[in-house]
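Residue numbers (the numbering used here), protein chains in the order written: chain A, 1 to 501; chain B, 1001 to 1501.
Heads up, the beta-carbon is just placed ideally off N, CA and C, and yes, glycines get one too.
Number of protein chains: 2
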Amino acid sequence: MPPIASSRHILQPCLKPLFISFTHFTKSSLSPRKFPIPRRFFVLNPRKFSCSANAQSAVDNGGGGRSGAMSSPSVLESVEKIDVNPPKGTRDFPPEDMRLRNWLFHHFKEVSRLYGFEEVDFPVLESEALYIRKAGEEIRDQLYCFEDRGNRRVALRPELTPSLARLVMQKGKSVPLPLKWFAVGQCWRYERMTRGRRREHYQWNMDIIGVPEVTAEAEIISSIVTFFKRIGITSSDVGFKVSSRKVLQELLRRYPIPEDLFSKVCIIIDKIEKIPIDDIKKELKSTGIPEEAVEELLELLSIKSLTKLEEKLGGSVEAISDLKQLFLLAENFGYSDWIQFDASVVRGLAYYTGIVFEGFDREGKLRAICGGGRYDKLLSTFGGDDVPACGFGFGDAVIVELLKEKGLLPELSLQVENIVCALDRDLQGAAATVATVLREKGQTVDLILESKPLKWVFKRAARVNAQRLILVGNTEWQKGMVGVKILSSGEQFEIKLDELE
Amino acid sequence: MPPIASSRHILQPCLKPLFISFTHFTKSSLSPRKFPIPRRFFVLNPRKFSCSANAQSAVDNGGGGRSGAMSSPSVLESVEKIDVNPPKGTRDFPPEDMRLRNWLFHHFKEVSRLYGFEEVDFPVLESEALYIRKAGEEIRDQLYCFEDRGNRRVALRPELTPSLARLVMQKGKSVPLPLKWFAVGQCWRYERMTRGRRREHYQWNMDIIGVPEVTAEAEIISSIVTFFKRIGITSSDVGFKVSSRKVLQELLRRYPIPEDLFSKVCIIIDKIEKIPIDDIKKELKSTGIPEEAVEELLELLSIKSLTKLEEKLGGSVEAISDLKQLFLLAENFGYSDWIQFDASVVRGLAYYTGIVFEGFDREGKLRAICGGGRYDKLLSTFGGDDVPACGFGFGDAVIVELLKEKGLLPELSLQVENIVCALDRDLQGAAATVATVLREKGQTVDLILESKPLKWVFKRAARVNAQRLILVGNTEWQKGMVGVKILSSGEQFEIKLDELE
């Protein structure tokens, strides 16, 4: 290849400040000052200006780069700059953020694997009907729903459990119970953007389908504790508040309250820390619950000890025996110091029927970190036959806030084993061969694709945390050898390519 | 815990055939015949029928299970069964499909890592404006777009490249070039459901931003070849057709054709194998291209050798030197036998400007497996400053078809190291302790959460491919020991819990 192509190097500084649109450039503005020239290799490509059709696009281009195709807008045509940010409430994941997401998901998945759970996933786009429940949940008002081109009502999933229930129904008898499934998926809620909340987040779910006993709840809480421990969070940072919806059920049963009011009541109670208590009372009364029941209910919710709950409800109720069993199992699993009874926990989803729990930061600065519980009746709300089930959802947002608070965010950087670089343009092919040999041995290689000064290569090596620099020079290559520099020690040597490990 | 809870076991067979809705059951239908009773542990829970509020829900439930909360629909109320299938054109990923997806993605990611690429991601939901190009692409007509609650026009992303370009513009000068980024993300197209095509697929993308030289194209094709080799695909199964849009550009330049027609022409030509040649001609003519140009164009497209192309266009054109360099580099990378020149390849996206390529199965049974090329002008169509760039998209659908064809689909099964099982209800807590100890040592454990006959446990062990069965029995546990059975050999022994590795 003649030196013509070397002029392409000046393209690198072309990623100019965003506010200078290319439309500001004309031929006359194309000066070396504006496009700093690397010390080496600068030869103006004569072809750029030899072909009339191409000359214009070379200017569009800032004077560097390949002469492009005709699809580029002409210099005289003004193109309105797009919004470079992702849509409101959504995120890009540039490499540094992606590394953190991968680190988090890796732990979600490793813990699930330790517990013998199998990974599943469902469509991000689901039928809207899956989320239309009558209990007045916040989640329904926040549905990201629309009509598709086939006039179907669809929604971006706000949570994973309804899809899981759908899949369990679909599988029917073909899968032996119990199922232990986990998923890590993106969920969407159209929330007002106050409080810095986003409209999408990823959620880790673990669910046990087909086990009616409290051992299932104990197992899934254990897995969350294992996750916390792995990422450095202790029981002095985080705890679980645990209760059972059967506590409320037991109380409401003593009043003449229609059955179908139960989940509505739970949803109202879940807002207890978000809106004034008088509004909670008003809402409860408006459902038709007698005033004395409202008062007794609110009193009950303040109970923070199982003994007191037992005094209030009597020892023989199922709510009490479930909770006692759970606390006993927590001892066996070894996480007693993480959990506490708190009658105020009911969770904001309509379908829970038994034990409910949420993870909270002990400093009380953040929203719930995770939450879950038993939902034995979800399938019948979809017209299916019920199966006992429990599970949890664990978002990727609050945990990152907590890790920041505690100084526990991991330092994650790009790690590349080798940088391979040709010392001469003509050796770029040889460098490609070297890269191929190393990659076939499982070594990661950042291959330098242009002729660059060595100083530039060292800078890049530092940025990608390369361990070795492999230099392909003419004299060595003729002997089938390459130069190796260990970047941590500065040690240098020559080695035969086939001996390079 | 009293034996009451044992009745919960009969819940397991409750996942009945899907077509029998629970509404068909009444109290009188609740017979042991209908709900087969396990040989052991069947004791009817007296509480189920002692509390009036609960009796009804116990019947809903098929007679088993925990007495639920009041949220369950009454037996008399008919609940219409939801559609248990995912929305048209979308997929669930039950465990067996998820294992395949994970296997595929693992190789996508490992290859990208070998090549020193960093992972990125973007929102699934993007601004519609990102995809509105004027070239008449199929992709535009297939946008999954809608108006969100804030009256913004948004779309489920049909491809990843525009988001990548947006992020590159956003990062501006803060990132040193070149960038080597990869992503594996879900993309959506609202296609007619003929030909068994789905409306969503996952796509692996690798992109190099900031390198104007053909080494970049050579490197990304090399990474795809590496991927194929890792999963068992050879150059006799798959090849790459390679051309350059500059070939067409060179030809069209010889006629008085306006520049902005170029990408439109490419889009029409891309349909050459899908619609009759006369329709292609008609479409080309309707853009205003002279008839002789259309004929020359179609003749040019039939060229399958670089030598013939050179005869036609002359040797000094950039298209030829680019392609020659690419074929030279392919030798150095060691994948010459995978690639061939084919002038008919133009790809269906408007933004390509130089080298274009697509992976195809040599038996010609399938659609393109992957495709990519250089797109040096994409950023200016967004009002930004251009940066040289190239990349590819590789879907998760066609490759799986090919693996099936070739008998190369991997056998992937759930693998669990240990099944831990209490021999006695009272020892469930002890079993939880054993599971915790093993998990802390990094061992995967499927903990049996209910009292089950040993036969059932062995069946489950086989299903999850467990290596060991750890039995927690009373006599051993009192000595701090557990029973271990190696399932492959049948070997059995007792061991102290703290010596269990």
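Closer than 8 Å to chain A by CB, residue i
i, result
"G1063 (chain B)", "With a pLDDT of 33 at G1063 (chain B), under the threshold of 50, the modelled position of that residue is not reliable, and no figure is offered here."
"M1098 (chain B)", "yes"
"E1291 (chain B)", "no"
"G1068 (chain B)", "Low local confidence applies: a pLDDT of 36 at G1068 (chain B) is under 50, so the model's placement there is unreliable, with the coordinate-based value given in what follows. Cβ-Cβ to chain A under 8 Å: yes for G1068 (chain B)."
"N1222 (chain B)", "Note that residue 1222 (chain B) is Ser in the sequence shown here, rather than Asn. Chain A contact via Cβ: present."
"G1383 (chain B)", "yes"
"P1256 (chain B)", "no"
"V1356 (chain B)", "no"
"S1413 (chain B)", "no"
"L1423 (chain B)", "no"
"Y1131 (chain B)", "no"
"V1400 (chain B)", "no"
"R1149 (chain B)", "yes"
"V1294 (chain B)", "no"
"T1215 (chain B)", "yes"
Endpoints, the beta strand (DSSP E) within which residue i is located
i, result
"N1205 (chain B)", "1200-1209"
"G373 (chain A)", "370-374"
"E1358 (chain B)", "1355-1361"
"F1493 (chain B)", "1492-1496"
"F1394 (chain B)", "1389-1395"
"I419 (chain A)", "418-422"
"V445 (chain A)", "445-447"
"R101 (chain A)", "Run containing R101 (chain A): none in the beta strand (DSSP E); it sits in the alpha helix (DSSP H), 95-114."
"E1147 (chain B)", "1144-1147"
Delimiting residues of the alpha helix (DSSP H) encompassing residue i
i, result
"V1247 (chain B)", "1245-1252"
"I132 (chain A)", "Per DSSP, I132 (chain A) belongs to no alpha helix (DSSP H) and is neither H nor E."
"K1264 (chain B)", "1262-1270"
"I220 (chain A)", "215-230"
"Q478 (chain A)", "474-478"
"A431 (chain A)", "428-440"
Neighbour list for residue i in chain B, Cβ cutoff strictly below 8 Å
i, result
"S127 (chain A)", "I1082, D1083, P1087"
"R439 (chain A)", "L1114, Y1115, T1226"
"Q186 (chain A)", "V1124"
"V211 (chain A)", "L1449, E1450"
Proximal residues of chain A, C-beta to C-beta of residue i below 7 Å
i, result
"G1429 (chain B)", "L328, L329, N332"
"S1235 (chain B)", "Going along chain A, no residue has its Cβ under 7 Å from S1235 (chain B), so there is no contact; the nearest lies around 15 Å."
"R1166 (chain B)", "I82, V84"
"P1410 (chain B)", "Those within 7 Å of P1410 (chain B) in chain A number zero; the least Cβ separation is about 16 Å."
Contact set between residue i and chain A, taken where Cβ atoms lie within less than 8 Å
i, result
"N1102 (chain B)", "E119"
"A1218 (chain B)", "A432"
Where residue i meets chain A, residues with beta-carbon distance less than 9 Å
i, result
"F1240 (chain B)", "Within chain A, no residue comes near F1240 (chain B); the closest Cβ sits about 16 Å away, beyond 9 Å."
"Y1202 (chain B)", "The premise fails here: Y1202 (chain B) is roughly 10 Å from chain A at the closest Cβ pair, so nothing lies under 9 Å."
"T1436 (chain B)", "S222, T226, N332, F333, G334, Y335"
Any C-beta of chain B under 8 Å from that of residue i
i, result
"A397 (chain A)", "no"
"T307 (chain A)", "no"
"D92 (chain A)", "yes"
"A53 (chain A)", "In this prediction, A53 (chain A) has a pLDDT of 33, which is less than 50 and means its spatial position is unreliable; what the coordinates show is noted afterwards. Yes, contact with chain B."
"F146 (chain A)", "yes"
"A176 (chain A)", "According to the sequence as given, residue 176 (chain A) is Pro; it is not Ala. Output row for P176 (chain A): interface = yes."
"P276 (chain A)", "no"
Contact set between residue i and chain B, taken where Cβ atoms lie within less than 9 Å
i, result
"T444 (chain A)", "R1113, L1114, Y1115, G1116"
"V345 (chain A)", "Going along chain B, no residue has its Cβ under 9 Å from V345 (chain A), so there is no contact; the nearest lies around 15 Å."
"S243 (chain A)", "Going along chain B, no residue has its Cβ under 9 Å from S243 (chain A), so there is no contact; the nearest lies around 13 Å."
Proximity test, residue i beta-carbon vs the ligand NAP heavy atom, cut-off 7 Å
i, result
"S1305 (chain B)", "Ligands in the displayed structure: none, and consequently the ligand NAP is not present."
Minimum Cβ-Cβ distance from residue i to chain D less than 8 Å
i, result
"R1152 (chain B)", "Going by chain labels, chain D is absent from the structure shown, which instead holds the protein chains A and B."
Interface partners of residue i on chain B, CB under 7 Å
i, result
"V79 (chain A)", "S1380, T1381, G1383"
Requested in this report: Could you list the residues in the region 1330-1342 of chain B with a C-beta less than 8 Å from some C-beta on chain A, going in chain order?
Outcome: E1331, N1332, F1333, G1334
Query raised in the report: What residues in the region 483-498 of chain A bring their beta carbon closer than 8 Å to a beta carbon of chain B?
Result: none
Query - Contiguous beta strand (DSSP E) assignments of at least 3 residues, all confined to the region 277-347 of chain A - result: 339-341
Requested in this report: Scan the region 1446-1459 of chain B for residues whose Cβ lies nearer than 7 Å to a Cβ of chain A and list them as they occur along the chain.
Outcome: D1446, L1447, L1449, E1450
Query - Contacting positions in the region 458-474 of chain A - beta carbon closer than 9 Å to chain B - result: K459, R460, R463, V464, A466
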